[in-house]
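Protein chains in written order, with my numbering: chain C, 1 to 207; chain E, 1001 to 1207.
In structure tokens form, the structure reads like this:
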């Protein structure tokens, strides 16, 4: 996240295993959170915002927190996936080595599953804030609320794909397998509703 | 695009008029294009890629081109919107000033409409490349093709919102008004089909 945008995107485009789609999803979520925050800043104190001060403060504080969390998750995801790649490269000549490698791969895979799951959760929160903001945000910036929701939605669904690609590699008796699948199903169902609500509110206020 | 990712996102979160949702959409499209390129790199020369060399080369070259174009559009969009803000601040005390200001605002608005329209067009191309890649890309990176399509789709729809918010401010007899609306409708209809095709291909290959 300290790299210039152009350099990061160029690094993403290479065959290096990290960063990948998990970090890209978290970044998209962070950009969505930043747009929510921007629209709050463009709304507070303006005509029409009277009576919404409390909600706007809550949306502003929330979006700043999730922006920071998602930027962090973009890095956590890369680190976690890198650990999977390194664990898979461990030697497996002896039984002892194979056992150690299997243990390390399993632990790394759990972390590499938890990272995009946390991204999906955070992106869902950003989408919820965009839904709260859509009816009350500055109408001149209503397209920005729409973009925020689109990016948060893409972040959530992208992170979900990154969880799903790992699940079959977790042990059958690993509780995370069922827990993650169940949590994702819930997040995706709520996302459909939130995206629809934002789409309707934004279209109505664009017209 | 030369700013560190963290700084850019922090600047996005402020009430400064640029960058805004147009640039954010272009960035999301560029990240999507980079992921398409990454998966091409992870596919070429691997078992299963035989017979797809020509398609992979075409997708790789295309994604590199659109990545660069979208990074450029992220800056063009910010510059164009900044020009609208500056034109609106021009003095309007005399008839002459008002006439000059109206002329400048109209010209700036046309450019600020053309920039996200170009972003929508480029994102549509990235989505098309993701559709071509989904059935033939390295299965271990299939979630990345899914994320690429999600980000390209969000970029297209986000750019479309940024075109739409400007259209009512263009003169009634400005040809761009009808042209942009017609082009967007076409791009959005194709996007629905492309997104559906990628979703099905990715889900089938994740399983």
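Ideal Cβ positions, reconstructed from N, Cα and C, are used throughout, including at glycine.
To the nearest angstrom, how far is it from the Cα of residue 84 of chain C to the Cα of residue 1011 of chain E?
To locate residue 84 of chain C, count along the first chain from 1; it is residue 84. To locate residue 1011 of chain E, count along the second chain from 1; it is residue 11. Each residue's CA atom was taken as its position, placing residue 84 of chain C and residue 1011 of chain E some 34 Å apart.
Does residue 1031 of chain E have its Cβ less than 8 Å from a Cβ in chain C?
Working through the second chain from its first residue, we reach residue 1031 of chain E at position 31. At a cut-off of 8 Å, the C-beta of residue 1031 of chain E has a neighbouring C-beta in chain C.
Closest residue to residue 34 of chain C among E:1042, E:1186, E:1020, E:1031 (Cα-Cα distance)
Sequence index remark: in the first chain, residue 34 of chain C carries index 34 (1-based). Here the closest residue by C-alpha is E:1020.
Anticipated Cβ contact below 8 Å, residue 1121 of chain E with residue 1187 of chain E, distance rounded:
Stepping through the second chain from its first residue, residue 1121 of chain E is reached at position 121. Stepping through the second chain from its first residue, residue 1187 of chain E is reached at position 187. About 7 Å; that satisfies the 8 Å criterion.
Cβ of residue 188 of chain C versus every heavy atom of the ligand NAD: is any distance shorter than 7 Å?
For the structure depicted, the ligand NAD is absent and the ligand set is empty, with no information on it obtainable.
Near-chain C residues of the stretch 1004-1027 of chain E - C-beta to any C-beta below 7 Å
Residues 1004, 1005, 1006, 1008, 1009, 1012, 1013, 1014, 1015, 1020, 1021, 1024, 1025, 1027.
Along the stretch 120-134 of chain C, what residues have a CB closer than 8 Å to any CB found in chain B?
Absent from the structure: chain B. Protein chains present are C and E.
Between the stretch 1093-1104 of chain E and the stretch 1056-1063 of chain E, can you find at least three pairs of beta-carbon atoms closer than 8 Å?
With the cut-off at 8 Å, the stretch 1056-1063 of chain E and the stretch 1093-1104 of chain E do not touch.
Using a C-beta to C-beta distance shorter than 8 Å, which residues of chain C count as neighbours of residue 1084 of chain E?
Counting from 1 along the second chain, the entry for residue 1084 of chain E is found at position 84. At a beta-carbon threshold of 8 Å, none of the residues of chain C lie near residue 1084 of chain E; the nearest stands roughly 11 Å away.
Along chain E, which residues have their Cβ under 7 Å away from the Cβ of residue 157 of chain C?
Within the first chain, numbered from 1, the residue matching residue 157 of chain C stands at position 157. What residue 157 of chain C touches in chain E: 1150.
Determine, using beta carbons only, whether residue 163 of chain C and residue 117 of chain C come nearer to each other than 8 Å.
On the first chain, residue 163 of chain C is found 163 positions in, with the first residue counted as 1. On the first chain, residue 117 of chain C is found 117 positions in, with the first residue counted as 1. A Cβ-Cβ contact shorter than 8 Å links residue 163 of chain C with residue 117 of chain C.
Going along chain C, which residues have a C-beta under 7 Å from residue 1037 of chain E?
On the second chain, residue 1037 of chain E is found 37 positions in, with the first residue counted as 1. Under the 7 Å cutoff, chain C gives 13.
Any beta carbon of chain E sitting closer than 8 Å to that of residue 109 of chain C?
In the first chain, the residue the question calls residue 109 of chain C occupies position 109. No, because no Cβ of chain E sits closer than 8 Å to the Cβ of residue 109 of chain C.
Relative to the C-alpha of residue 1091 of chain E, which candidate in E:1080, E:1105, E:1081 has its C-alpha closest?
Counting from 1 along the second chain, the entry for residue 1091 of chain E is found at position 91. Measuring from the Cα of residue 1091 of chain E, the nearest candidate turns out to be E:1105.
8 Å is my cut-off, CB to CB: does residue 72 of chain C come that close to chain E?
Locating residue 72 of chain C in the first chain gives position 72, where the first residue counts as 1. When Cβ-Cβ separations below 8 Å define contact, residue 72 of chain C makes no contact with chain E.
Supposed close pair residue 199 of chain C, residue 138 of chain C - CB separation, criterion 8 Å
Counted from its first residue, the first chain places residue 199 of chain C at position 199. Counted from its first residue, the first chain places residue 138 of chain C at position 138. Their Cβ separation, rounded to whole angstroms, is 18 Å, which puts residue 199 of chain C and residue 138 of chain C out of contact at 8 Å.
May I ask you to verify whether the stretch 176-190 of chain C touches the stretch 1035-1043 of chain E, counting CB pairs closer than 8 Å and requiring at least 3?
Touching, no, given that fewer than three Cβ pairs across the two stretches are closer than 8 Å.
Just tell me which of E:1174, E:1005, E:1148, E:1133 has its CA closest to the CA of residue 71 of chain C.
Here residue 71 of chain C refers to the residue found at position 71 of the first chain. Out of E:1174, E:1005, E:1148, E:1133, the CA that lies nearest to the CA of residue 71 of chain C is found in E:1005.
If you check the beta carbons only, do residue 152 of chain C and residue 32 of chain C fall under 8 Å apart?
As a working mapping, residue 152 of chain C is identified with position 152 in the first chain. As a working mapping, residue 32 of chain C is identified with position 32 in the first chain. Yes, the pair counts as a contact, with Cβ atoms nearer than the cut-off.
Leaving out five residues before and five after residue 3 of chain C in sequence, what residues of the same chain have Cβ atoms less than 8 Å from its Cβ?
If you number the first chain from 1, residue 3 of chain C lands on position 3. Answer for residue 3 of chain C: 11, listed in chain order.
With the cut-off set at 8 Å, would you say residue 156 of chain C and residue 127 of chain C are in Cβ contact?
Here residue 156 of chain C is taken as the residue at index 156 of the first chain, counted from 1. Here residue 127 of chain C is taken as the residue at index 127 of the first chain, counted from 1. Yes, Cβ-Cβ distance for residue 156 of chain C and residue 127 of chain C is below 8 Å.
Alpha carbon of residue 201 of chain C to alpha carbon of residue 146 of chain C, nearest angstrom
If you number the first chain from 1, residue 201 of chain C lands on position 201. If you number the first chain from 1, residue 146 of chain C lands on position 146. Linking residue 201 of chain C to residue 146 of chain C through their CA atoms gives a straight-line distance of about 9 Å.
Kindly say whether residue 1192 of chain E, judged by its beta-carbon, lies nearer than 8 Å to any beta-carbon of chain C.
Reading the second chain from its first residue, position 192 is the one you call residue 1192 of chain E. So no, residue 1192 of chain E is outside the interface.
Please list, in chain order, the chain E residues whose beta carbon lies closer than 7 Å to that of residue 56 of chain C.
As a working note, residue 56 of chain C is residue 56 in the first chain. For a Cβ distance threshold of 7 Å, nothing in chain E lies close to residue 56 of chain C: the least Cβ distance comes to about 13 Å.
Here's the rule I'm using: 16 or more other beta-carbon atoms within 10 Å means buried, otherwise exposed. How should residue 140 of chain C be labelled?
Your numbering for residue 140 of chain C matches position 140 in the first chain. Only exposed fits residue 140 of chain C, as fewer than 16 other CB atoms lie within 10 angstroms of its CB.
Proximal chain E residues relative to residue 206 of chain C, where beta-carbon distance stays under 8 Å
Along the first chain, one-based indexing puts residue 206 of chain C at 206. At a C-beta separation below 8 Å, residue 206 of chain C has these neighbours in chain E: 1161, 1164, 1165.
Would residue 42 of chain C pass as an interface residue toward chain E - the criterion being a Cβ-Cβ separation below 8 Å?
Position 42 of the first chain, counting from 1, holds the residue named residue 42 of chain C. Answer yes: the Cβ-Cβ gap between residue 42 of chain C and chain E drops below 8 Å somewhere.
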